[in-house]
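*Asks:* Have a look at this one before I ask anything.
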Amino acid sequence: MLMEIYLSEEKAKKNNINLEECYQKIDNYFLKHGVKIKSPGVYQGVKKDFGTFVTAQGQLPQTNWFLKIIDQWYIVILVIHQIVQNIEKTL
Numbered sequence: 007m008l009m010e011i012y013l014s015e016e017k018a019k020k021n022n023i024n025l026e027e028c029y030q031k032i033d034n035y036f037l038k039h040g041v042k043i044k045s046p047g048v049y050q051g052v053k054k055d056f057g058t059f060v061t062a063q064g065q066l067p068q069t070n071w072f073l074k075i076i077d078q079w080y081i082v083i084l085v086i087h088q089i090v091q092n093i094e095k096t097l
């Protein structure tokens, strides 16, 4: 699974929020829970990390900064591997 978080530099400037500090807070949360940082703002986990992703999804909007600077935010649950395994079992 992936979570992609893209913060807006323009919105951060408008709200006088340090963008790098916000990314660091998010990075620290995911690293603390063993989730890999694939690239800036992109976090890659495995099945056991589902709870970590759900918690982030619920708690980030509750911060006093996230909704002010979010540009794009996606969570992608990759189940292709599981689908392929199930198809192979039926063949």
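For what it's worth, my numbering labels the leading residue of the sequence shown as 7, then goes sequentially.
Yeah, the Cβ is synthetic: ideal placement off N, Cα and C, and Gly gets one too.
Computed from a predicted structure; not experimentally measured.
DSSP three-state label for Val41, please.
*Replies:* As a working note, residue 41 is residue 35 in the sequence shown. DSSP places Val41 in coil when its eight states are reduced to three.
*Asks:* Within the same chain, show all residues whose beta-carbon is closer than 7 Å to that of Phe59, passing over the 5 residues directly before and after it, in chain order.
*Replies:* The residue labelled residue 59 in the question sits at position 53 within the sequence shown. Cβ neighbours of Phe59 beyond the five flanking positions: Met7, Met9, Gly51, Ile81.
*Asks:* Skipping 5 residues on each side, what residues in its chain have a beta carbon closer than 8 Å to that of Cys28?
*Replies:* Along the sequence shown, read from residue 1 onward, the residue named residue 28 stands at position 22. Cβ within range, chain order: Leu13, Ala18, Trp71, Phe72, Ile75.
*Asks:* Could you please give the first and the last residue of the uninterrupted beta strand (DSSP E) stretch that includes Val52?
*Replies:* Your numbering for residue 52 matches position 46 in the sequence shown. Counting along the chain, Val52 falls outside any beta strand (DSSP E), and DSSP gives it neither H nor E.
*Asks:* Which value, in whole angstroms, describes the spacing of the CA atoms of Ile83 and Glu26?
*Replies:* The residue labelled residue 83 in the question sits at position 77 within the sequence shown. The residue labelled residue 26 in the question sits at position 20 within the sequence shown. Whole-angstrom Cα-Cα distance: 26 Å.
*Asks:* With 16 as the cutoff for other CB atoms within 10 Å, does Val41 come out buried or exposed?
*Replies:* By one-based count along the sequence shown, residue 41 stands at place 35. Counting Cβ neighbours within 10 Å, Val41 comes out buried, since at least 16 surround it.
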